[in-house]
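Taking it in order: structure first as structure tokens, then the write-up.
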Amino acid sequence: MWSKQWGNVCMGCVALLLTACTVVDLDENGKPIMPVDPNAKASFDNQTPQQIAQQTWQPRVIDAANQHALDSNALAKLLKTPTATPQSVFVRLTSPVERVDSSNAREQQLVINLNGEPLAIQIGPVIRGNAIRDATGFKFEDFTNQVQFAQLSRAYNREAVKHLPKVDASWAGKPATVLMAVTLNSGQLQNAAALALKQEAP
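Those letters in the sequence shown? Residues 1242 to 1443, per this note's numbering, in order.
Structure below.
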């Protein structure tokens, strides 16, 4: 009697355990594929700034910029209502190129017209500022290794240059579409950095 009851209890436990189990898919090596926790914070503890920049370039920079880039009108409105602290945003503009400034070979700039004013956009090979990093939404507290956060700007700036086409004086006078990151500070545009450039038909 006791043995039969104990057996029934054991069978009930097994059934309960099986019911609580979740079927997990296996990879090609037979190891379980665990779903990604959507609330988990990305961990960059063991990665270099260069690795972080390369890994996140498409989703955090290009995809985000294409989805959220401001046009010239939205940018103008934002400039009229400056925030207390600098903010960086993605912007997409199509404008004739006024000139290509190569006076400093290491810090070349593409100059376009924005609402009647010239806007110099950095095209490298050296890009300065934190516009790209800060436009992604990354914050200081996202990183346990704060050196990574400090150096991520330079890594992103170098990554941007890798994806830009060769620009020379022949671009002057021709329309171009520029996807960029820029910092707004006290109603002024600073450290505009090109993410993608495309010549348009005249």
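Where is the CB? At the ideal position from N, CA and C, for every residue including glycine.
Asked	Found
Leu1351 beta carbon less than 8 Å from that of Ile1362	yes
Residues near Thr1385 in its chain [Cβ-Cβ closer than 7 Å; skip 5 each side]	Asp1286
Spatially closest choice to Val1332 from Arg1347, His1309 and Asn1345, by CA coordinates	His1309
Among Ala1435, Thr1424 and Thr1418, nearest to Ala1442 - alpha-carbon criterion	Thr1418
One or two residues paired with Phe1381 in a DSSP bridge	Per DSSP, none; premise fails for Phe1381.
Nearest candidate by alpha-carbon position, reference Leu1420, set Ala1413, Ala1433, Asn1426 and Gly1370	Ala1433
Val1341 and Pro1366 closer than 8 Å at C-beta	no
Arg1340, DSSP secondary structure in three states	strand
6 Å Cβ shell around Glu1400 - same chain, five flanking residues per side excluded	Ala1294 and Trp1298
Where Pro1279 falls, given that 16 or more other Cβ within 10 Å makes a residue buried	No answer about Pro1279 holds up, because its pLDDT of 44 lies below 50 and its placement is not dependable.
Cross-strand partners of Arg1333 (DSSP beta bridge)	Leu1420
Closest Cα partner of Lys1407 within the set Phe1379, Ala1346, Asn1426 and Val1330	Ala1346
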